[in-house]
Structures are given as structure tokens and as C-alpha cells.
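Take a look at the structure set out below.
Numbering (our numbering), first residue to last: 5 to 259.
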């Protein structure tokens, strides 16, 4: 797990550098975002009007974080999509190791430590750690290609591809037979592809479509829709007591 997390951090830094060097087309959200080169051609009254609009925008950005989301239709749509995707992610993060331990390796975390069932469960955690390390390597390699793919196919298609890949991986987990740890490693290693896009594309959208005065707040709002799904998933599981395999299928549906 330590190796996987280390590679994950390196990957995030590498992708951030790649994104900074890549120029994405800027889509404006209002008249106050026109090129400042036009100011030389404007009259004094027009300049004062523009300055007033910019001051009002800064004042509006100081209002509650959630209110800034509803002022931009693209933002609440992005938050909804991000929240549903993270419900799928938390189903995987929290319950994939348990799925391998119980459903694939026939283990039992509550069995005596000297029993075969407990040893099988421990073996499953090593299997998941291996798949996590491989998925981190895949994320590191694939992250370099994301800016090029976004320029070619568009960010919407890439985000849709990320959600579909996550959903497919979680659904395919139900096809793994008992004792087939090789398939587990292969399938869960592929999670690196959608993970690299989930960790970058939503924030790229906010950075591209928002103004500098409200960008930080919108990033915070987006992160709220990462935290909320974790509470939703754990609350539902705690209330229903669903099995890990069922939870992964539910995650496939939400992603």
C-alpha cells in the first residue's frame, strides 16, 4: 500500500506539471472575462462599468460557497457527476479488499489468527496491495497522455469514459471466481486509468471555466462532493449490512 500511495503522489505531481504546460481553451462565463487588450479601445464610461462588474463579481464570490455553485449551471452538474462517481470510488476503496478476502480467497477476518480462514484473508490484502501498486504505475504512465487525449476528444468525453471504465471494472468483479486471485490483480490494476482522470479532469473544468476571484471557492465546493459520498456509502452499508460483492455492484450503478 505504501508503494502504491507513493507512486500516486508522484503521479499527481507529474500530471500537474503536464497540465500547466498544456494550454486548454478558455471558455468564459460572462462579459467580464473579455480580453484586457480591448480596454484600450473602450471609453472611460465603459471602463468604469467593467470595473464595477468585476467588483460585484468579487463580492458575490464572498457569499457562501454553495451559493457560488448555483450561479453556474455547469458547476452543479459537475458536482452531481463528481459525487456519483465518488460513490463508486468509495465502494471500491472501502470494500474491494474485503471482497477479495471473503468472496475470492474464502477468508474470514473474524476467525482465529491461527486458522486457515484468517490466513486466506491476510493473503487477500497482499493481493489488493499488489494490484494497487500496479494501478499506481498505470496512473503515472497514463497521466502524461491525458492532456493530449483531452485536446483530441474533449473533456466531456474523457470524463464519460472515466465513469464508464470505473463502472465496468466494478461490475466485472462479480464475474471473478473463488480462488482466482490473478484475475483480481489484473482487473483492479486497470483502476489506474479512471483514477487518473477522476483526480484531474473535474479540477481542470473548474480551473478553465471559473474566474480567478472564485476559483478557490469552487474547488472547495467540488471537494465537498468528494466528502459527502463517503458518508453516504458508509451510512447505507451500516444500515443495510450489505455484502462486499453487492456493494461493488451498487458502486458500478452509481459511477
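Heads up, the beta-carbon is just placed ideally off N, CA and C, and yes, glycines get one too.
Asked                                                                                                                                                        : Found
Restricting to Cα atoms, I'd like to know which of 84, 76, 189 and 150 is closest to residue 231.                                                            : 84
From residue 118 to residue 108, what distance separates their C-alpha atoms?                                                                                : 20 Å
So is residue 218 buried or exposed if we call it buried at 16+ other beta carbons inside 10 Å?                                                              : buried
So, at 6 Å on beta carbons, what are the nonlocal neighbours of residue 113 in its own chain, with the 5 sequence-adjacent residues on each side left out?   : 125
Assuming residue 146 and residue 196 form a contact by the criterion Cβ under 8 Å, report the distance between their Cβ atoms to the nearest whole angstrom. : 7 Å
With H, G and I counted as helix, E and B as strand and the rest as coil, what does DSSP make of residue 234?                                                : helix
Within 10 angstroms of the Cβ of residue 198, are there 16 or more other Cβ atoms? Answer buried if so, exposed if not.                                      : buried
Does the stretch 125 to 141 come close enough to the stretch 162 to 177 to have 3 or more Cβ pairs within less than 8 Å?                                     : no
Does DSSP classify residue 191 as helix, strand or coil?                                                                                                     : helix
Buried or exposed: which applies to residue 152, given that a residue is buried once 16 or more other Cβ atoms fall within 10 Å of its Cβ?                   : exposed
For residue 163, which of 183, 245, 205 and 225 has the nearest alpha-carbon?                                                                                : 205
Is it a yes or a no for the stretch 177 to 185 touching the stretch 238 to 247, going by three-plus beta-carbon pairs under 8 Å?                             : no
What did DSSP end up calling residue 87 once you bin it into helix, strand or coil?                                                                          : helix
Quick one: using the 10 Å Cβ neighbour count with 16 as the cut-off for buried, is residue 149 buried or exposed?                                            : exposed
Going by other Cβ atoms of all chains shown within 10 Å of its Cβ, with 16 needed for buried, is residue 161 buried or exposed?                              : exposed
Tell me whether the beta-carbon of residue 95 lies closer than 9 Å to the beta-carbon of residue 174.                                                        : yes
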